[in-house]
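Q: Before we start, here is the structure in question, set down as structure tokens.
Residue numbers (the numbering used here): 7 to 300.
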């Protein structure tokens, strides 16, 4: 297993790299650190060629810097890739290497608590075919201790619930299924979510490690703040119903969650089945990239 990390020599790039280190330590994955530079035009002038070489030399220095920041217990590969832009380049690298997910940092120009979606993140969150993992600002590597799943208490969330239970069975990590209720819907949300767990085709081997939590507030953002988020927790969320099968599209609810979320977020494509091309004919079986085995 490997993760593609979008890197640049600034704080957001280091946030992504730090998160990659934490996830690689938890999963044994290889980190593929990627710097994307603009592809050279076929009929470029000599001065432009000189500028392109300067850019590539700078990118190589960034990659060497990244390698020095990765601890010895994490396997790392460095990749300088030419493409039309950073999002396209990251997706090309991930597709060619079989990466399980793309990890990126956020934008510094954001009034949100810890997250900010910049141009690269936004493009990935609306077109990627593999999970995208967002690092919060100022992220420091922390051991992965829990998986949280933001689950809508609706029938279409059955696959996400089964994936969460299968992840618990394979890793032994505690899993929290979290519903975020607005207004007075907390009791109904809990009842619906517990019904989804009871109907799951995948049963927890250790039921004590599976919990259901309902955050409530006047808004989704307020509900996020009512939940306790551990330092070693990663939150997983699905894509919008507007997404095409097998593709990722950030939902309005997940965007609201991001405004107050203090921990990393994994957004997965709609009806995502790793290695199955998004087939709707087979249930999810626990191959969740952020905690899966190679």
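Glycine residues also receive a C-beta, built at the ideal position from the N, C-alpha and C atoms.
Can you tell me whether residue 8 is helix, strand or coil according to DSSP?
A: Against the chain shown, residue 8 aligns to sequence position 2. If DSSP states are grouped into helix, strand and coil, residue 8 belongs with the strands.
Q: Taking the alpha-carbon of residue 88 as reference, which of 65, 82, 110 and 30 has the nearest alpha-carbon?
A: For the purposes of this step, residue 88 is identified with residue 82 of the chain shown, where counting begins at 1. Considering only alpha carbons, the answer is 65.
Q: On the criterion of 16 or more Cβ atoms from any shown chain inside 10 Å, does residue 19 qualify as buried, or is it exposed?
A: The residue labelled residue 19 in the question sits at position 13 within the chain shown. Classification of residue 19: buried, given that the 10 Å Cβ count is 16 or more.
Q: Please state the DSSP three-state secondary structure of residue 13.
A: Translated into positions along the chain shown, residue 13 becomes position 7. Coil, per DSSP.
Q: Contact defined as beta carbons within less than 8 Å: I believe residue 83 pairs with residue 36. What is the distance between those atoms, to the nearest angstrom?
A: Here residue 83 is taken as the residue at index 77 of the chain shown, counted from 1. Here residue 36 is taken as the residue at index 30 of the chain shown, counted from 1. Correct: roughly 6 Å between the Cβ atoms.
Q: Is the beta carbon of residue 180 less than 8 Å from the beta carbon of residue 272?
A: Within the chain shown, the letter at position 174 stands for residue 180. Within the chain shown, the letter at position 266 stands for residue 272. Residue 272 is positioned such that its CB atom lies no closer than 8 Å to that of residue 180.
Q: How should residue 129 be labelled, buried or exposed, when 16 other C-beta atoms within 10 angstroms of its C-beta is the threshold for buried?
A: Your numbering for residue 129 matches position 123 in the chain shown. Per the 10 Å Cβ criterion, buried.
Q: Looking at the unbroken beta strand (DSSP E) that takes in residue 188, where does it start and where does it end?
A: To locate residue 188, count along the chain shown from 1; it is residue 182. It spans 181-188 - the beta strand (DSSP E) in which residue 188 sits, taken as one unbroken run.
Q: Per the DSSP calculation, residue 242 is bridged to which residue(s)?
A: Counting from one through the chain shown, the residue named residue 242 turns up at place 236. Paired residues: 155 and 272.
Q: Strictly by DSSP, which residues pair up with residue 87?
A: Taking the chain shown and counting its residues from 1, one reaches residue 87 at position 81. DSSP lists 42 as partners of residue 87.
Q: Going by DSSP, name the residue or residues bridged to residue 82.
A: Taking the chain shown and counting its residues from 1, the one referred to as residue 82 is at position 76. According to DSSP, which records beta bridges pairwise, residue 82 is partnered with 37.
Q: Residue 8 and residue 106 - do their beta-carbons sit closer together than 8 Å?
A: Taking the chain shown and counting its residues from 1, one reaches residue 106 at position 100. Taking the chain shown and counting its residues from 1, one reaches residue 8 at position 2. Closer than 8 Å, so yes.
Q: For residue 150, count neighbouring Cβ atoms within 10 angstroms of its own Cβ and tell me buried if that reaches 16, exposed if not.
A: Indexing the chain shown from 1 puts residue 150 at position 144. Residue environment for residue 150: buried (at least 16 other C-beta atoms within 10 angstroms of its C-beta).
Q: Can you round the beta-carbon distance between residue 139 and residue 270 to whole angstroms, since I take them to be within the 8 Å contact cut?
A: For the purposes of this step, residue 139 is taken as the residue at position 133 of the chain shown. For the purposes of this step, residue 270 is taken as the residue at position 264 of the chain shown. Their Cβ separation, rounded to whole angstroms, is 6 Å, which keeps residue 139 and residue 270 in contact under 8 Å.
Q: According to DSSP, which residues form a beta bridge with residue 222?
A: Here the question's residue 222 lines up with position 216 in the chain shown. Paired residues: 187.
Q: Write down the C-beta distance between residue 86 and residue 69 rounded to the nearest angstrom, noting that I regard them as a contact closer than 8 Å.
A: As a first step, residue 86 is located in the chain shown; it is residue number 80 there, counting from the start. As a first step, residue 69 is located in the chain shown; it is residue number 63 there, counting from the start. Contact flag correct, Cβ pair sits at about 6 Å.
Q: Is residue 217 helix, strand or coil when you go by DSSP?
A: Residue 217 sits at position 211 when you count from the first residue of the chain shown. Here residue 217 sits in strand by DSSP.
Q: Quick check: residue 184 and residue 219, are their CB atoms within less than 8 Å of each other?
A: Numbered from its first residue, the chain shown carries residue 184 at position 178. Numbered from its first residue, the chain shown carries residue 219 at position 213. In contact: residue 184 and residue 219 (Cβ atoms closer than 8 Å).
Q: Got a sec? Which residues, its chain only, sit under 7 Å from residue 294 by beta carbon, not counting five neighbours each side?
A: Counting from one through the chain shown, the residue named residue 294 turns up at place 288. Note that residue 294 has pLDDT 37, beneath the 50 cutoff, so the model's placement of it is unreliable and no number is given.
Q: Sort 31, 63 and 72 by Cα distance to residue 16 and report the nearest one.
A: Here residue 16 corresponds to residue number 10 of the chain shown, with the count starting at 1. Measuring from the Cα of residue 16, the nearest candidate turns out to be 72.
Q: Taking the CB atoms as reference points, tell me whether residue 238 and residue 274 lie closer together than 8 Å.
A: Looking up residue 238 in the chain shown gives position 232. Looking up residue 274 in the chain shown gives position 268. Against a cut-off of 8 Å, the Cβ pair of residue 274 and residue 238 comes out as no contact.
Q: Go ahead and label residue 33 buried or exposed: buried means 16 or more other beta carbons lie within 10 angstroms of its beta carbon, across all protein chains shown.
A: One-based indexing of the chain shown puts residue 33 at position 27. It counts as buried.
Q: In the DSSP assignment, the alpha helix (DSSP H) including residue 136 goes from what residue to what residue?
A: For the purposes of this step, residue 136 is taken as the residue at position 130 of the chain shown. From DSSP, residue 136 is part of no alpha helix (DSSP H); its letter is neither H nor E.
Q: Spatial neighbours of residue 206 within its chain, please: C-beta separation below 6 Å, excluding the five flanking residues on both sides.
A: Position 200 of the chain shown holds residue 206. Same-chain partners within the cutoff: 167, 168 and 171.
Q: Measure how close the beta-carbons of residue 31 and residue 79 come, nearest whole angstrom, since I'm counting them as under 8 Å.
A: On the chain shown, position 25 is the one that residue 31 refers to. On the chain shown, position 73 is the one that residue 79 refers to. Correct: roughly 7 Å between the Cβ atoms.
Q: For the candidate residues 22, 199, 261 and 204, whose alpha-carbon lies nearest to that of residue 111?
A: On the chain shown, position 105 is the one that residue 111 refers to. Distances from the alpha-carbon of residue 111 to those of 22, 199, 261 and 204 put 22 closest.
Q: Quick one: residues in its chain with C-beta nearer than 8 Å to the C-beta of residue 194, no 5 flanking neighbours on either side, listed in chain order?
A: Here residue 194 is taken as the residue at index 188 of the chain shown, counted from 1. Excluding sequence neighbours, residue 194 sits near 159 and 187.
Q: With a threshold of 16 other CB atoms inside 10 Å of the CB of residue 276, please say whether the residue is buried or exposed.
A: Walking along the chain shown from the start, residue 276 turns up at place 270. Counting Cβ neighbours within 10 Å, residue 276 comes out buried, since at least 16 surround it.
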